[in-house]
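Peer 1:
In the working numbering, the protein residues as written are -3 to 114.
1) Within its chain, find whatever has a CB closer than 6 Å to the CB of residue 21; leave out the 5 residues flanking it on each side and keep chain order.
2) Using a Cβ-Cβ cut-off of 7 Å (strictly less than) and excluding sequence neighbours within five positions of residue 52, which residues of its own chain qualify?
3) Distance, Cα to Cα, residue 74 vs residue 54?
4) At what residues does the alpha helix (DSSP H) containing residue 84 begin and finish?
5) Would you identify the three-state DSSP class for residue 16, choosing helix, strand or coil?
6) In the DSSP assignment, what residue or residues form a beta bridge with residue 35?
7) Ignore the nearest five residues each way along the sequence and tell me which others in residue 48's own chain have a CB closer than 6 Å to its CB.
8) Measuring CA to CA, which of 26, 57, 58, 88 is closest to residue 43?
9) Nearest-angstrom Cα distance between residue 90 and residue 46?
The following block contains the structure:
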């Protein structure tokens, strides 16, 4: 049966910020399958991001989630998802000006998966 499940939303962890050259903030637009997502980034580029490592089976990521992306060296249109921000962390990022309010707009409520892109 397993042990007691703990709520990860209340876990206090140090807040990780994006540095200017290797990482950016992103908002998930649509899942593409196999741990890949279409992401709108804070530098106004749409990228395909891959969920790697220990996050692959432990973190549930859906549309409109805010994530931290590590950019790949060889390809500017690809990135790796480093972590998913919780709601209280997103509020801190907004209040301190790291992400814009328009970046987290809810204009993607009617998200549909475009199977032609897969």
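Virtual Cβ for every residue (Gly too), placed ideally from N, Cα, C.
Just so you know, these numbers come straight off a predicted model, no measurement behind them.
Peer 2: On the basis of the supplied data:
1) 14, 38, 95
2) 31
3) 22 Å
4) 83 to 91
5) coil
6) 24, 43
7) 76
8) 26
9) For residue 90 and residue 46, the distance between alpha carbons rounds to 25 Å.
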